[in-house]
Amino acid sequence: MPIEDVLLDLKHKIEKNLPAGVTITDVEFEGPQLVLYTEEPRKFADDGNIIRNLAKELRTRIAMRPDPRVLATPEDSISIIEEVVPKESVISSYYFDPDSGEVIIEAEKPGLVIGKHGATLREITKQIGWIPKVVRTPPIKSRTVKNVREFMRTNLKERKEILKSVGRKIHKECTSKDQWVRVTSLGGCKEVGRSCFLLSTPESRILIDCGVNVGSDENMTPYLYVPEVFPLNQIDAVIVTHAHLDHQGLVPLLFKYGYEGPVYCTPPTRDLMVLLQLDYIDVAAKEGKKIPYESGMVAKTLKHTIPLDYEEVTDIAPDIKLTFHNAGHILGSAISHFHIGDGLHNVVFTGDYKYEKTRLFDPAVNKFPRVETVISEATYGNSNAFQPSLKDAERHLQMVVKNTVERGGICIIPAFAVGRSQEVMIVLEESIRKGLIPEVPVYLDGMIWEATAIHATHPEYLNNDLRKLIFQKGQNPFLSECFKPVDSHDMRQKIIQSPHPCVILATSGMMNGGPVMEYFKAFADDPRNSLVFVGYQADGTIGRRIQKGWKEIPMAGKGGSTEILKLNMEVQVVDGFSGHSDRRQLMDYIKRMQPRPERVFTEHGDEKACVDLASSVYKKLKIETRALTNLETVRLL
């Protein structure tokens, strides 16, 4: 059936199910949702069940758009909104889009603008006709969030056309009589880096992640040239599980070589993805490396990105529905559940996950309506890969910082900008507040403050304890006065030239560049100081050499020469802050999964870790397993 006939049929069904006196003028697909156009937005606002009942009846996401002719002027609308919405919400800005009939309201307390069960939003529509969308005013100014929001607003018309095209492809009729499901491994199998998979059916091709291996020049990119995935314009959708570069660093490359479809991820992943992609090509250019894509491709990727919240069931292809669930790894990280066909097969791609409550996140979700196949990470899949508890890790960190500061020293913590930095920040803030460590400044250098600002913008993606602290008690630990962002080279030099007891949290996490190296060079020779590793150190990095016990570190000097830096500072390794599940948690995650899967495939770990985990799952849980290999295609059904 042609798509126009599908829309006409849907319009007739909707009209039959509308209450008496409520009318629509048109229907259209916009991405995964069906949009209803009406000259009577107030009637829809009067009864919030109209849209809910239609969505349930048609089994699809539905949105409503008012006809521009029935909208109040922006000036009158702002006056009315400010009468309806409590002043405590602290509205900071408005943006009116006549094409969509939406008014975007930015507020410090979005919940007060939304009202109980959306009552305030409906009241706004009843009075002005516009459909209000609420976003949070970032409590910490974020250049990335500001630029992303402005970009999305200024490209609304083009995005609408993109969404229309995507929607028509999603909702076309299935034509194949065959039924099969296959997974092709394009990267990240028996290795860590360049994660990439293709999920295929007779109707659809879905790419899950497209990462870069930043530590390898030879095996940097996924196998995107193989027949299963090429040409790229035949891919129906790209799913990004989370924002780390080894999972999304080459998504813009897809657009460079012909991909024109949607990119699905959570809202925090979208913001962090932009931040990390732009930093990746900036660093590559400064190091004289060939950059895989220009910033224009990052912008194009953003234009095609469709953010989805956790637990939101969404059509992404004629025969596939996607639902994101919390993965507990980093902000916005998602376990992806694919429901294929009408109950034909269900596949779970875990991405990277943490099956334990942390300072930032709730444990990874492992309960689904249905699941037959699981594709799980195996970073710590080795039989002896056990991590200390988070409580032990926190006590160890507190002890090292306390001892260092009390002897007049400086504590340097190399950290990744996203995830581990914020976890350590929460521990340090609480420790200082409770007097467990002396009150000293905690300097944040590199991208850490910008990444923290994105965390503060999306508190609904943090764990229950943090959400209660922020929303109910009005206490945001990220806003603590102990944190001092280092926002210039001059400030960094002032810290170096005037040493005083403090904690310095700086990138990069493996000491292979970044501002942490300036602090390290300045403070390495003083035995009162300490260097604390809280994250994984890959082979070949300076961090790994220091962990192995090197006391003389070769460093690049002026004019291409090599200088030897003598290391006298204390070195400590604090395990337990990893965003990955250790061996015990990986096994428990599968063991406690509901329902019990029929098969488990392992990936994202070295060969021994992947094989060891797969073998143990088979022996102990009696589930069919396999450690996937790059470039193989496995039939699931």
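Per our numbering, numbering of the sequence shown is gapless, rising by one per residue and ending at 637. Note that the Cβ used here is the ideal one computed from N, Cα and C, for glycine as well.
Query: Beta carbon of Leu-397 nearer than 8 angstroms to that of Val-532; Result: yes
Query: Through-space distance from Ser-376 to Ser-383, alpha-carbon basis; Result: 16 angstroms
Query: Residue from Thr-23, Ala-317, Glu-123, Ile-330 whose Cα sits closest to the Cα of Pro-202; Result: Ala-317
Query: Three-state class that DSSP yields for Met-1 in the structure shown; Result: coil
Query: C-beta atoms of Val-503 and Ile-413 nearer than 8 angstroms; Result: yes
Query: Cβ pair Ser-185, Thr-457 closer than 8 angstroms; Result: no
Query: Cβ pair Asp-236, Ile-206 closer than 8 angstroms; Result: yes
Query: Outcome for Asp-612 when other beta-carbon atoms lying within 10 angstroms are tallied against a minimum of 16; Result: buried
Query: Own chain, CB closer than 7 angstroms to Lys-357, minus 5 neighbours either side, in chain order; Result: Pro-363, Asn-463
Query: CB contact flag (Cys-189, Gly-211, <8 angstroms); Result: no
Query: Rounded C-alpha distance that separates Val-516 from Asp-282; Result: 18 angstroms
Query: Ile-330 vs Val-348 beta-carbon contact at 8 angstroms; Result: no
Query: Identified DSSP bridge partners for Met-555; Result: Glu-563
Query: Counted within 10 angstroms of its Cβ, other Cβ atoms place Pro-41 as buried (16 or more) or exposed; Result: buried
Query: Stretch pair the segment 46 to 62 + the segment 18 to 27: three plus CB contacts closer than 8 angstroms; Result: yes
Query: Distance between Ile-437 and Arg-153 (C-alpha atoms, nearest Å); Result: 45 angstroms
Query: Assumed close pair Phe-577, Val-424 - CB separation to whole angstroms, cut-off 8 angstroms; Result: 7 angstroms
Query: Residues near Ala-284 by beta carbon distance below 7 angstroms, same chain, minus five either side; Result: Ile-291
Query: Proximal residues to Val-166 (C-beta, below 7 angstroms), its chain only, five neighbours per side dropped; Result: Gly-31, Gly-261, Pro-262
Query: Between the CA atoms of Asp-465 and Met-555 - distance to the nearest angstrom; Result: 43 angstroms
Query: Euclidean distance between Cα positions of Val-238 and His-489; Result: 39 angstroms
Query: DSSP-derived helix/strand/coil call for Thr-457; Result: helix
Query: Nearest-angstrom Cβ-Cβ length linking Leu-567 and Ile-546, presumed shorter than 8 angstroms; Result: 7 angstroms
Query: Selected residue, minimal CA-CA separation from Glu-228, among Gly-509, Thr-221, Leu-199; Result: Leu-199
Query: Backbone secondary structure at Asp-279 - three-state DSSP; Result: helix
Query: Whether Lys-354 touches Gly-579 by CB criterion (8 angstroms); Result: yes
Query: DSSP state of Gly-187 mapped onto helix, strand, coil; Result: strand
Query: CB of Val-85 within 8 angstroms of CB of Leu-54, strictly; Result: no
Query: Any 3 or more C-beta pairs closer than 8 angstroms across the segment 432 to 446 and the segment 590 to 599; Result: no
Query: For Val-617 and Leu-58, the rounded distance between their alpha carbons; Result: 40 angstroms
Query: Option in Phe-255, Val-135, His-500 with minimal Cα separation from Gly-408; Result: His-500
Query: Rounded distance between the beta-carbons of Asn-346 and Val-371, thought under 8 angstroms; Result: 5 angstroms
Query: Residues of its chain near Leu-638, where Cβ-Cβ distance is below 6 angstroms and the 5 sequence neighbours each way are ignored; Result: Since the first residue of the chain shown is 1 and the last is 637, residue 638 is not available in this structure.
Query: Phe-471: first and last residue of the uninterrupted beta strand (DSSP E) it sits in; Result: That residue, Phe-471, is in no beta strand (DSSP E); its alpha helix (DSSP H) goes 464 to 471.
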